[in-house]
Ligand SMILES: [Zn+2]
């Protein structure tokens with residue numbers, strides 16, 4: 004283990020392929036908007052208010068989903 008002279012390699016971004024980066028979800032209870040990226044960091048999909056039902060907030064497309 005020696006960190007003498009290593010060429011600067013660009014850090015690869017690890018992103019799960021199952022989620023769409025940039026997808027916005029809106030809590031159906033308090034209306035707080037969050038991104039899929041933020042939700043994926045949490046141990047479980049949950050709003051700051053404690054509610055677990057989100058609906059996808061996408062422009063031009065309105066779909067209601069229940070994450071239960
Ligand atoms: Zn909420």
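Residue numbers (this note's numbering): 4 to 71. Beta carbons: idealized from backbone N, C-alpha and C, even for Gly. On a predicted model such as this, the values are computed, not experimentally measured, just so you know.
Can you tell me whether DSSP reads residue i as helix, strand or coil?
i, result
"residue 127", "The chain is shown only over 4 to 71; residue 127 falls outside these bounds and no answer can be derived."
"residue 55", "coil"
"residue 19", "Legend: pLDDT at residue 19 = 49, less than 50; position of this residue unreliable, no value from coordinates given."
Closest by CA to residue i, which one among the options?
i, options, result
"residue 40", "26, 14, 70, 34", "26"
"residue 59", "36, 28, 70", "28"
"residue 32", "68, 56, 70", "56"
Quick one: what's residue i bridged to in DSSP?
i, result
"residue 8", "Looking at the DSSP assignment, residue 8 forms no beta bridge with any residue, so it has no partner."
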